[in-house]
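Comments concern the structure below.
See the structure below:
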């Protein structure tokens with residue numbers, strides 16, 4: 037299917053059911069990302085991502101741990117748009133440059149607790165959720181909880197949806213994010 041099947045919708049051209057979601061994104065970001073505009077081709081997918089992302093943001097996982105999961109998914113799934121977005125978010129959080137570089141390079145993180153998040157995320161993916169006791173114990177040994185372990189599955193679902201949709205639509209990196217690409 038050609039990438040032209042996924043137009044860069046604007047607030048005016050998007051399906052009516054996607055306009056509220058696009059408006060909220062544009063208001064929050066200060067611009068309408070092409071990835072969101074293209075995702076709006078299916079209002080259900082855009083709405084699903086926004087709902088799932090809001091739920092993931094409301095978990096008991098701290099912001100930096102959520103960003104480690106998001107960036108782990110972005111690099112694993114080869115989503116250049118997501119890498120740029122989450123590099124920007126990590127920069128806003130004043131994450132250490134070495135942490136950002138390690139996440140972008142899919143290499144061990146300099147922070148043991150955050151590395152436990154990265155490793156657990158990868159273990160959940162590799163085992164299709166059926167992680168063994170050792171993986172859960174390694175995760176919880178770094179201050180995470182059983183609740184957090186389940187919340188990781190929500191993050192994986194959320195960022196599987198966005199990374200796959202962004203890759204399918206060929207979403208480009210927008211100018212405001214170019215410095216993070």
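In my numbering, the protein residues as written are 37 to 217. The beta-carbon is built from N, C-alpha and C at its ideal position, and this holds for glycine as well. Every value quoted in this text rests on a predicted model; they were computed, and no experiment measured them.
query: Would you kindly report the start and end of the unbroken alpha helix (DSSP H) that includes residue 194?; result: 182–205
query: Taking one C-beta from the segment 50–59 and one from the segment 79–87 each time, how about it: are there three or more such pairs within less than 8 Å?; result: yes
query: How many Å lie between residue 116 and residue 71 at the Cα?; result: 11 Å
query: Can you look up residue 177 in the DSSP assignment and give me helix, strand or coil?; result: coil
query: At what residue ranges does the segment 65–89 contain a whole run of the alpha helix (DSSP H), taking only runs of 4 or more?; result: 70–75
query: As an exercise, report each continuous alpha helix (DSSP H) stretch of at least 4 residues that is fully enclosed by the segment 82–134, in chain order.; result: 99–112 and 116–128
query: Answer yes if the segment 134–150 comes into contact with the segment 159–177, meaning at least three C-beta pairs across the two stretches below 8 Å, and no otherwise.; result: no
query: I'd like to know if the segment 139–159 and the segment 100–108 are in contact, where contact means that at least 3 CB-CB pairs between them fall below 8 Å.; result: yes
query: Across the segment 171–184 and the segment 199–209, are there enough close Cβ pairs to call them in contact, namely three or more that are closer than 8 Å?; result: no
query: Within the same chain, show all residues whose beta-carbon is closer than 6 Å to that of residue 53, passing over the 5 residues directly before and after it, in chain order.; result: 79
query: Have a look at residue 179 and residue 119 and give me their C-alpha separation to the nearest angstrom.; result: 26 Å
query: Nearest to residue 216 by CA position, among 139, 98 and 196, is which residue?; result: 139
query: Does DSSP classify residue 46 as helix, strand or coil?; result: coil
query: State buried or exposed for residue 173, treating a residue as buried only when at least 16 other CB atoms are found within 10 Å of its CB.; result: exposed
query: Report yes if the CB atom of residue 207 is closer than 7 Å to the CB atom of residue 74, and no otherwise.; result: yes
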